[in-house]
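Asks: All residue numbers for the sequence shown refer to the working numbering, where the first residue is 102 and numbers rise by one.
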Amino acid sequence: YGVEPSLVRIPRVVDDICTQHVLAMEYLEGVSLSDAIKDEQDRVAKALGRKDGDELKTMLASKMREHFENGGGAGEGGMQMLGDKSMKLMNVLGPSATTLLRTYASVRDGIENAAISVVKFGSKIGRKDNEVGLIADSAVKKKKKINVNLGRALKTLVHVHGIQMILSGTYNADPHPGNVLLLPDGRLGLLDYGMVGKLSPKDREAVAKTIVALSDNDKAATAKLYRENGYKATLQNGKDDVDDAVLHRFASFHFDKIDLSPLTLDNG
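#1: Only counting the same chain, and skipping five residues up and downstream in sequence, which positions put a Cβ closer than 6 Å to that of Tyr102?
#2: Would you call the CB atoms of Leu315 and Ser353 closer than 8 Å?
#3: Indicate the three-state DSSP secondary structure (helix, strand or coil) for Arg144 in the structure shown.
#4: With contact counted as at least three CB pairs below 8 Å, one residue from each stretch, are the segment 337 to 350 and the segment 299 to 312 in contact?
#5: Measure the CB-CB distance between Gly154 and Pro285 and report whether it falls below 8 Å.
#6: Taking Pro302 as the reference, which of Met266, Asp117 and Pro363 has the closest Cα?
#7: So, at 7 Å on beta carbons, what are the nonlocal neighbours of Ala175 in its own chain, with the 5 sequence-adjacent residues on each side left out?
#8: I need the straight-line Cα distance from Gly298 to Ala137, nearest angstrom please.
#9: Do Leu108 and Leu348 come within 8 Å of each other at the CB atom, strictly closer than that value?
#10: Considering only their Cβ atoms, is the gap separating Asp357 from Lys320 smaller than 8 Å?
#11: What residues match up with Gly290 in a beta bridge as DSSP calls it?
#12: Spatial neighbours of Arg305 within its chain, please: C-beta separation below 6 Å, excluding the five flanking residues on both sides.
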């Protein structure tokens, strides 16, 4: 499909040293995608005034839980959930919001690093400043820097898994970030295919049509596909006659983005 080895690398099996109980594979040097994601989450969190990515995720999870417990769809969502009322940017945590947050965090990170550099420069002036400079030096050394194009890496990963699920029908069923390496040349290293899944031609067609319907924002088509493929949703009152807009929103969560914008029902 034209992605290996141009976009990704899959380590080769070294047959000569494999045994009945040991699988030996080519060593790929790179940075774990999970580490790169954590690094970016920490940068974004600090840019937004939070301690680290874990604190930001905990806060967002709490806000999302509160959002859905209150009925969802109404009130504030998306970027406004971050708690900074001055950042009323958008209601959808999707690609645009991700790019905006990434840029904002990079600018803040750059300013912070520039300030540290000034302190380090000041360490050459006198004893007192030198003490401050050593503290800054220590902080910089402890901070792990991962210079990667995370946006491009994630797009490549989605592209590759799209090929696996829609074109091939055989896909990695355990694609967590720890099984992906960011290689020095920008390619991805894909690890651990010990668990794979298979999709029938019918299922692959359903997935493809759902993605197209979401791209076209065709709520009726999305809902029809979900119903035809056995997806059911039940309201709190026990009724299962769910509006098309609700199923479309579920499909958005599954295949596209976290959309917390107000939900307008087609039937009112």
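We put the beta carbon where it would ideally sit given N, CA and C, even for glycine. None of these values were measured; they are calculated from a predicted model.
Replies: Taking the definition as stated:
#1: Within the sequence shown, numbered from 1, the residue matching residue 102 stands at position 1. Taking C-beta separations shorter than 6 Å and ignoring five residues to either side along the sequence, the partners of Tyr102 in its chain run Ile264, following chain order.
#2: Along the sequence shown, one-based indexing puts residue 315 at 214. Along the sequence shown, one-based indexing puts residue 353 at 252. Yes, the pair counts as a contact, with Cβ atoms nearer than the cut-off.
#3: The residue you call residue 144 lines up with position 43 of the sequence shown. The answer is helix: DSSP assigns Arg144 an H, G or I state.
#4: no
#5: Start at 1 with the first residue of the sequence shown, and residue 154 comes out as number 53. Start at 1 with the first residue of the sequence shown, and residue 285 comes out as number 184. Cβ atoms of Gly154 and Pro285: not closer than 8 Å.
#6: If you number the sequence shown from 1, residue 302 lands on position 201. The shortest Cα separation from Pro302 among Met266, Asp117 and Pro363 belongs to Met266.
#7: On the sequence shown, position 74 is the one that residue 175 refers to. Note that Ala175 scores 49 on pLDDT, short of 50, meaning its location in the model is unreliable; the coordinates nonetheless yield the value given after this. The residues are Pro363.
#8: Your numbering for residue 298 matches position 197 in the sequence shown. Your numbering for residue 137 matches position 36 in the sequence shown. Rounded to the nearest angstrom, the two C-alpha atoms are 27 Å apart.
#9: Counting from one through the sequence shown, the residue named residue 348 turns up at place 247. Counting from one through the sequence shown, the residue named residue 108 turns up at place 7. No, Cβ-Cβ distance for Leu348 and Leu108 is not below 8 Å.
#10: Along the sequence shown, read from residue 1 onward, the residue named residue 320 stands at position 219. Along the sequence shown, read from residue 1 onward, the residue named residue 357 stands at position 256. Contact flag unset, no.
#11: Position 189 of the sequence shown, counted from the start, is the residue given in the question as residue 290. For Gly290, which the question treats as bridged, DSSP gives the partners Arg110 and Leu282.
#12: As a working note, residue 305 is residue 204 in the sequence shown. For Arg305, where only same-chain residues beyond five positions count, the Cβ hits under 6 Å are Ile267 and Gly270.
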